[in-house]
Every structure is written in structure tokens, then in C-alpha cells.
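Enquirer: Have a look at this one.
Protein chains: 2
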Amino acid sequence: MPNLHRVLILGGGFAGLVAAQTLKRADVEITLLDKRNFHLFQPLLYQVATGSLSPAEIAAPIRAVLSRQKNVEVLLGEAVDIDPDKKNIILDDGGVFPYDTLIIATGSQTSYYGNDQWRENAPSLKSIEEATRMRHKLLYAFERAERADTEAEERAWLTFVIVGAGATGLELAGALAEIAHHTLKRDFRRIRPQEARIILMEGGPRVLAPYPEDLSAKAEKLVKRLGVEIMLGAFVTNIDADGVSYKHGETSGTVPARTVFWAGGVTTTPFGRKVAERLNAQTDRSGRFKVDPDLALPNRPEIFVLGDLACTSDAKGNPLPGVAQVAIQGGRYAANLIKARLAGRTLPPFKYFDKGDMAVIGRAAAVADVFGVHVSGFIAWCIWLFIHLIYIVEFQSRIIVLIQWGFLYLTFSRTARLITGELSSDTPVPQSRSKAS
Amino acid sequence: MPNLHRVLILGGGFAGLVAAQTLKRADVEITLLDKRNFHLFQPLLYQVATGSLSPAEIAAPIRAVLSRQKNVEVLLGEAVDIDPDKKNIILDDGGVFPYDTLIIATGSQTSYYGNDQWRENAPSLKSIEEATRMRHKLLYAFERAERADTEAEERAWLTFVIVGAGATGLELAGALAEIAHHTLKRDFRRIRPQEARIILMEGGPRVLAPYPEDLSAKAEKLVKRLGVEIMLGAFVTNIDADGVSYKHGETSGTVPARTVFWAGGVTTTPFGRKVAERLNAQTDRSGRFKVDPDLALPNRPEIFVLGDLACTSDAKGNPLPGVAQVAIQGGRYAANLIKARLAGRTLPPFKYFDKGDMAVIGRAAAVADVFGVHVSGFIAWCIWLFIHLIYIVEFQSRIIVLIQWGFLYLTFSRTARLITGELSSDTPVPQSRSKAS
Chain C
113 MPNLHRVLIL GGGFAGLVAA QTLKRADVEI TLLDKRNFHL FQPLLYQVAT
163 GSLSPAEIAA PIRAVLSRQK NVEVLLGEAV DIDPDKKNII LDDGGVFPYD
213 TLIIATGSQT SYYGNDQWRE NAPSLKSIEE ATRMRHKLLY AFERAERADT
263 EAEERAWLTF VIVGAGATGL ELAGALAEIA HHTLKRDFRR IRPQEARIIL
313 MEGGPRVLAP YPEDLSAKAE KLVKRLGVEI MLGAFVTNID ADGVSYKHGE
363 TSGTVPARTV FWAGGVTTTP FGRKVAERLN AQTDRSGRFK VDPDLALPNR
413 PEIFVLGDLA CTSDAKGNPL PGVAQVAIQG GRYAANLIKA RLAGRTLPPF
463 KYFDKGDMAV IGRAAAVADV FGVHVSGFIA WCIWLFIHLI YIVEFQSRII
513 VLIQWGFLYL TFSRTARLIT GELSSDTPVP QSRSKAS
Chain X
113 MPNLHRVLIL GGGFAGLVAA QTLKRADVEI TLLDKRNFHL FQPLLYQVAT
163 GSLSPAEIAA PIRAVLSRQK NVEVLLGEAV DIDPDKKNII LDDGGVFPYD
213 TLIIATGSQT SYYGNDQWRE NAPSLKSIEE ATRMRHKLLY AFERAERADT
263 EAEERAWLTF VIVGAGATGL ELAGALAEIA HHTLKRDFRR IRPQEARIIL
313 MEGGPRVLAP YPEDLSAKAE KLVKRLGVEI MLGAFVTNID ADGVSYKHGE
363 TSGTVPARTV FWAGGVTTTP FGRKVAERLN AQTDRSGRFK VDPDLALPNR
413 PEIFVLGDLA CTSDAKGNPL PGVAQVAIQG GRYAANLIKA RLAGRTLPPF
463 KYFDKGDMAV IGRAAAVADV FGVHVSGFIA WCIWLFIHLI YIVEFQSRII
513 VLIQWGFLYL TFSRTARLIT GELSSDTPVP QSRSKAS
């Protein structure tokens, strides 16, 4: 048997997984390396954070997804360095993996815009662990409010601030409003969860900035109807255990809040920076790699960078957003180009097929831009539901998720309301409340 | 309004929850205090550890279960001390809760028989966190085996030892055998998961010691058929990162294994010890409280001890096992006695109604002693399935679990196969494996 062409894929997210699957019948030897053993359906992560879904319902073991594809080997491990001349990837444990073609699709991480100290009090939503930590934090806040000593303390525990009004921020705010105003309505004896304040803070002039303006306006109306307060043009200047400080034009203020979630921007990972340094590659402001029209690096046709780590452009030169569709189409394109090259052919440049964009705001409420048609409300929500169900990788998860959602829709109940794991240092230990009467 | 009789319930397990529910229409003021916000359906915890169910599917928020019962207040907090003269319970944060009647149902913890250093390498199965840690450990073992450098290392990663052949040990062994021999069959390229060794080690002369002998024999046969090796009369002398050492009569040996699970005995908690000390109460060898025939403490009729923390006896004076049925019936009895006392009456002593006992061994295999009738195999499994579904607290969970099990039965797949959370120190970081060919 001749030595097969070795394709090394870093990352089992949308781009990496689709690339591997597209190479199914190709005469190559694929290794897919990921530091986690599962593919995560990131668009539904906020539903784990808000107790509607369990982690396993939005994750599928990469191994299981690819178990019948004989030309791929799945390994657990974390890439930390690259040797582009020897064409090797180096793992954190010193392991060395050679490649003929390399696909880098390791994704991005949350950016606190240089204020990493905020992370402790304002978790973000990138991993299963962060989602369960968020769930812990928000459920715990109601428990603490119920046992608060003073009214001010109770208020602070019942105030939730979400920083960033992109799709994730809106989804979180909408879900939180539902939890407070419906799910927990009857569960407490002292506090009234309905009175919880949910504040969506955004530095820009409108919510869902990358969307068309009419959809931004619709989204704002829908989320306000759920009882969410929106603060636009408010720049966060500090976040600590007591709350959020902001500047709004000439004025500045502080919102006392014990629970803050970060739905801000993304940036490159340490591995991404290392690769850029080794290859002397051009990156944009967020550290994303500038790629050629064929998604490979300039002068490095054997290295593709896909998904959130790449700064891909559409036909007009506008950068594409970091969403699943861009990653999926990029993964498919790169795999097809590898196949074409092995057959001595080439392909026209990558062309993004924009199916649109959508954000869900709450129960039966969403906004969508589908092939240029703007939809909002219940219909947009149905489209959102349908598309997300279709894409969830494993057949079983899809059905379970559908049933969960059916119940949630009918009952407002949330089944995954568990406070698990260790309390992190930022969550104060409950204080005393003497009940002697 | 006159001061209502205050019932303080410590622990939202089977005993505490049923006691609260039984007091539904009573003219009392109930406070249910638990350090977790959820009731855990402990009998199915092994299914979380082995990736069949998600944590949320076997847990229900205590608040949600009791939300419509107006005379109960649910609080999150951990009791650490008691002042029996002032009739107060003291929390870890200094909070003080008074009671007129106290129900202590805080449960037990795992006992390593004085070898707590074994815990690090041999986790047990008492909490959600331990179950997900077990799941992490066992799935990770296969990943590491796939990347092993030497055959001996691969062998050690593919050897699983379960210490203790009670119901939990058998359930774990059976599920593990199914994972190795069916679920993961196609998922790896180098190792053959089917060749994994699963060893059930037991100090006593037979599995399921508290069961009738014929059922022990049946269970042994069923679990052997799944490919589990059983070592009876083997006393564990040491557990470390490399494996398990044991003594078997005059001989002794060591099984090199990277994954060891502890399914041994239980003992009292620090809070249980503190209460016993304060009350000068009599306890048995495992620290369980000796209670009067009415489940209250001798000379302390206002303090009930229920569930795993109590040493309850049947009519013949034989101690009752630490199972859900004993806790449920005890909770119901104590609540009814409180109601009777408030009405100036009393009740005959607690009488345990023994419905039988059962353990599940694997796919369509179980043993059961139902009202003295001994059943095994598929029928026992159906009975087990039925009973467990009935008892799962929340309606929704019940349906989801049924569907999950249906899929699992038909497909051998397991949906909750996630390796999440931080690796603990006992799990070595993957070592290098150069793939250069």
C-alpha cells in the first residue's frame, strides 16, 4: 500500500467535523484531533446555561459521529505548536503529528477587551463548563435572594446584567426573563422572582448590530415585551462582585448586581497566536487569520484555516461573521479542494452562500433574515426551531430536544435546573439569617 | 394567627421529601433545608456514571416539586450543628433555625473503611459530581488506551476494577461491560474495546450478600455472561494510580488498572457525628442512630432520624437496609406521627412493609425478590424498569428517561458520553505518542 496523503484536522467543531465527513470517500488518512471528546452544538449552549437542556443533549461524541468512517482516526489531545517546515503539529504532552495537509479549525475564545479580571464575576458562554457555571450562578442568585438579610441585598441578588446585545446576549436575556417571570413564579415564599430586573447593556446604538435595522428594532421590541431593560450606548467601565459600572455619554453610573454575564466579543486563542507567530501570518484586529480566496494561508497552500479562527470574506470583500454556516461551508470547501488537488485539479475560490441569520428572543419569538426576507415573531421562531433541530448532529438528541422543547413551551418548566459543581470563589458563601421569631 | 408548630426537615432525599409531602394538609410551618437545590433519584445514579442518562434526568429541583405546597419553605443551606436544649439548628454560615419538631434525614457518605487515601484513585457513587467524574474517568480511559505507547500501558488503561459486589457494584460492572463490548465497539482504530477487562472484586463469599442465595447465584451467572470477571473472597489491601492490590486467602496479588471504582460501604457524615455527640446518642458501627420504634430518638421524641442515617429495625429486630423504600416509608410514618401528636393522639410503632429488593445487571437482565418471589432475567428487568420509572419524581423526566432507555435498548448507544470538567490530579496527562511513520 502506498503512503496515503495525511490530512490532520485540528478541532472537531462545525468546520473540522464537516471537513472530515466530506473527505469520507477520499483516498486520504485523516486524523481529527480535539481537546474535548465531543462536538458541541454551540448555537444552543445558552439553553444549557438557562436550564432548558442538559449538556449531553447538545453534544455528540466525535468518535460516535465518525465511527463508521474508516479513513479517519479521532484522538483526544491539545495542539500547542506547529513546525511548518517539517510539517508537524506538537501537542501539549510533546506528541508530534505530521501532516501533508493541515486544517486548523480550533475556534476562538471570549474577549474581555483587555479586562480579563472581569471574567471572574462575569462568565461568558463558550464551553459546557461555562454554561453549567452560568446555570449555577443564576439559579443560586434566586436562592440567595430568598435568604437575604436586607432589601438592598435582595435587590442585588435579583438584578441580572447581560453585557453585549448580540445574538447570544439577546438569547440569554430572553431566557432569563422567562425563568424569572414564569418558571420560578410559584417556587419561592419571600421573594417574587417576577420582580427580578434583567438588564441588557450594549455599547453600540442598537441591538443585533450586524442585522438589518428593521430586525434590530423588532428584536428590541420583542425582548422589551418580556420585561428586559435595554441600555444602549452604555460602555462598561468595571465589573466586580458588587455590580457593573458604565459610562453613558457624559454620565456614568453603577448597577448593583450579583449576577453578570458577558456576551461580548471573541478573540484568538493562545494556539492561534502561536501559529500566527511561527508562520509570520497576517491577522486582523481580533487575531483572525487572513486567508486566500481558497481558505488556505498565503504561500502555505497546505494549511487551511477555517471557522472562527479565519477572517473569511464574501465576494464583495466584506468579512463573514463567526457563525456555524460559515464554518460548515468552509469545511466542505476545503475538503473538496483537497480531493480536487489529489486528482490534479483545482476549484474556483470559496463562495459563501448566505442563507441568512437568526436570533431567538424567547418563547415563540425570534427574528430572522432568511435569504433577504425579514421575518419576526412566531414564524421566525418556527423557522429557528426547525433549522436548529435539523442540524443537531445525533438523531437521538434531536428527538429528545424536541420533546424537551415541547414541554418547555407548554409548561414553562425547565428540567435541568441543577446547581452542581463547586462554588467558585466569586460566589459568596450564604450569610446568616436568623429565623427566630 | 397563633404560632404554628414548626417542623424543620434536614435533607431533601427520599425521607425528607416524602415527610414534607405527607404534611401537606397539616397545620404546621415546614422548612426543608438541603445543601443542594435538587432531589436526587439515587438508584439511577449509576446510569449517569455510565453515560446513559444526564444528571438533570434523575434530579428534580426540590422547590419545583414542592412549589404548590403552601406550608413549606425550601432553603438552600448546610446544617453543621444542633443546640437540642434551645431547639435550634446551626448552619455553616452561622444561620440559626429553630424547630419544634426536627427531622434529620441527611443521609450517609461513602466509607473507605479507614483508607480515605484510596478515594483519590477510586471514586465512589454518591453525588452527581462523583457520577460525572466516574463517567469522565471511564471514557477517558479508552481515549488514553488508544494513544498508549506500550502494550502494558494499553492493558492497564483497558482494565477496570470495581470494588464491592453489592447492587451498585453489579450495576456498574454490567453497564461497563455493555459500554466496552457494544457501545464503543466501532469507535476506535487501534484498540479493541471488546477486550477490556472488567473485574468485580468482593471480600465476601458471594455477590449481592444481603439477597437470598439463589438470587446471588443467578446474578453471578448473568454478570459473568456479560464478560465480567468476578473475584470473590478478595480483600483489597491497597489502591493507587497503578492498580489494586489484594489478599486472597494466603495469596496476594496486584491487578494493574488505571480505572478503579469504589462500591463499598457507607458511614455517617460529619454532621451526623456532631449530632450524636451533642445528644449523646447511641449509634451503631457505621455511625447510624439507634432510634425508638417510633423513629424518634430515645428521650427526644421531637427529633426523628430517618433514612440512611438511622438504624431502623423490622418487627424481628433485624436492621433494615439503606434503601429508598425504608426512607420513604419512614418519612411517611414520621409525618403521620407528627399529625397524630398535634391532634393529641399517637400511632402504633413503625412497621416496615417489605416489597422486596432488586438489582439490575445489564441489558434486559436483573434479579428481584418481590414479596418473597424470586425472579431473574428479562422479567425481573421489566419489573425493575417499571418500578423505577414510576418513582422518578417529575413527570417530564419520566418520559424522557423512558425514551432514552428505549433507544439505549435498541441501539446500545449512549448519549451522555461527555468528558467534561477539569481533570483531577489522579488522571495523568496524556503522554507523547509520535505518529511519524
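Sequences listed follow chains C and X, in order.
So for the first sequence, the numbering used here puts the first residue at 113; every next one is plus one.
So for the second sequence, the numbering used here puts the first residue at 113; every next one is plus one.
Think of the CB as a built atom: it goes at the ideal place given N, C-alpha and C, for glycine as much as any other residue.
(1) Please report how far the alpha carbon of residue 387 of chain C lies from the alpha carbon of residue 496 of chain C, in whole angstroms.
(2) Which residue comes first and which comes last in the beta strand (DSSP E) that contains residue 358 of chain X?
(3) Quick one: Cα of residue 486 of chain C to Cα of residue 323 of chain C, how far?
(4) Where residue 219 of chain C and residue 123 of chain C are concerned, what is the direct C-alpha to C-alpha distance, given to the nearest angstrom?
(5) For the stretch 225-244 of chain C, which residues have a beta carbon sitting closer than 7 angstroms to at least one beta carbon of chain X?
(6) In chain order, what residues of the same chain lie with their CB nearer than 7 angstroms to the CB of residue 371 of chain X, ignoring the 5 residues before and after it?
(7) Using the rule of at least 16 other Cβ atoms within 10 Å of the residue's Cβ for burial, across every protein chain shown, is residue 225 of chain X buried or exposed?
(8) Looking at the C-beta of residue 150 of chain X, does it have a partner C-beta in chain C at a distance below 8 angstroms?
(9) Would you please state the rounded distance, in angstroms, between the beta carbons of residue 358 of chain X and residue 346 of chain X? I believe it to be under 8 angstroms.
(10) Rank X:288, X:314, X:321, X:136 by C-alpha distance to the C-alpha of residue 107 of chain X and give the top, closest one.
(11) Can you check which of these residues, C:381, C:238, C:456, C:444, is closest to residue 558 of chain C by C-alpha distance?
(12) So within the stretch 252-295 of chain X, which uninterrupted beta strand (DSSP E) runs reach at least 3 residues, ignoring any that extend past its ends?
(13) Would you please state the rounded distance, in angstroms, between the beta carbons of residue 493 of chain X and residue 471 of chain X? I believe it to be under 8 angstroms.
(14) Whose Cβ in chain X lies nearer than 8 angstroms to the Cβ of residue 298 of chain C?
(15) Run through chain X and tell me which residues come within less than 8 angstroms of residue 283 of chain C, C-beta to C-beta.
(16) In the DSSP output, which residue or residues are listed as bridge partners for residue 423 of chain X?
(17) Can you tell me the Cα-Cα spacing of residue 551 of chain X and residue 165 of chain X, whole angstroms?
(18) Closer than 9 angstroms, Cβ to any Cβ of chain C: which residues of the stretch 476-490 of chain X, in chain order?
(19) Closest to residue 469 of chain X by C-alpha separation, out of X:483, X:457, X:461, would be which residue?
(20) Cutting at 7 angstroms between CB atoms, please list the residues of its own chain near residue 279 of chain X, excluding the five before and the five after it.
(21) Is the Cβ-Cβ distance between residue 143 of chain C and residue 120 of chain C less than 8 angstroms?
(22) Using the three-state DSSP reduction, which class does residue 383 of chain X fall into: helix, strand or coil?
(23) Rank X:180, X:176, X:236, X:209 by C-alpha distance to the C-alpha of residue 59 of chain X and give the top, closest one.
(24) Going along chain C, which residues have a C-beta under 8 angstroms from residue 187 of chain X?
(25) Judging by CA-CA distance, which residue of C:173, C:421, C:411, C:432 is the nearest neighbour of residue 382 of chain C?
(26) Skipping 5 residues on each side, what residues in its chain have a beta carbon closer than 7 angstroms to that of residue 302 of chain X?
(27) In chain order, what residues of the same chain have a beta carbon less than 6 angstroms from the beta carbon of residue 334 of chain C, not counting five sequence neighbours either side?
(28) Excluding sequence positions up to five away, which residues of its chain have a Cβ less than 6 angstroms from the Cβ of residue 536 of chain X?
(29) Using 10 angstroms around the beta-carbon of residue 491 of chain X, count the other beta-carbons present and answer buried if the total reaches 16, otherwise exposed.
(30) Would you tell me roughly how many angstroms separate the C-alpha atoms of residue 390 of chain C and residue 195 of chain C, rounded to the nearest one?
(31) With a threshold of 8 angstroms between beta carbons, is residue 171 of chain X in contact with chain C?
(32) Measure the alpha-carbon distance for residue 283 of chain X versus residue 160 of chain X and round it to whole angstroms.
(33) Expressed to the nearest angstrom, what Euclidean distance is found between the alpha-carbon atoms of residue 291 of chain X and residue 330 of chain C?
(34) DSSP three-state label for residue 410 of chain X, please.
(35) Just confirm the distance between the C-beta atoms of residue 327 of chain C and residue 481 of chain C, as a whole number of angstroms; I'd bet it's less than 8 angstroms.
(36) According to DSSP, is residue 305 of chain C helix, strand or coil?
Expert: According to the structure data:
(1) 36 angstroms
(2) 355-360
(3) 10 angstroms
(4) 8 angstroms
(5) 240, 241
(6) 249, 250, 253, 272
(7) exposed
(8) yes
(9) 4 angstroms
(10) Chain X is shown from 113 up to 549; residue 107 of chain X falls before or after that span and cannot be answered.
(11) What the structure shows of chain C is the stretch from 113 to 549, and residue 558 of chain C is not part of that stretch, so it cannot be assessed.
(12) 271-275
(13) Rounded, the Cβ-Cβ distance is 10 angstroms, inconsistent with contact.
(14) 179, 180
(15) None at all; the shortest Cβ gap to chain X is about 20 angstroms.
(16) X:402
(17) Any answer about residue 551 of chain X is impossible in this case: the structure gives chain X only from 113 up to 549.
(18) none
(19) X:483
(20) 320, 471
(21) yes
(22) helix
(23) What is shown of chain X runs 113 to 549, which leaves residue 59 of chain X out entirely.
(24) 255, 258, 259
(25) C:421
(26) 258
(27) 473, 477
(28) Residue placement at residue 536 of chain X cannot be trusted, given a pLDDT of 37 that sits under 50; what the coordinates show is reported in the next sentence. Contacts found: none.
(29) exposed
(30) 8 angstroms
(31) yes
(32) 12 angstroms
(33) 49 angstroms
(34) coil
(35) 6 angstroms
(36) helix
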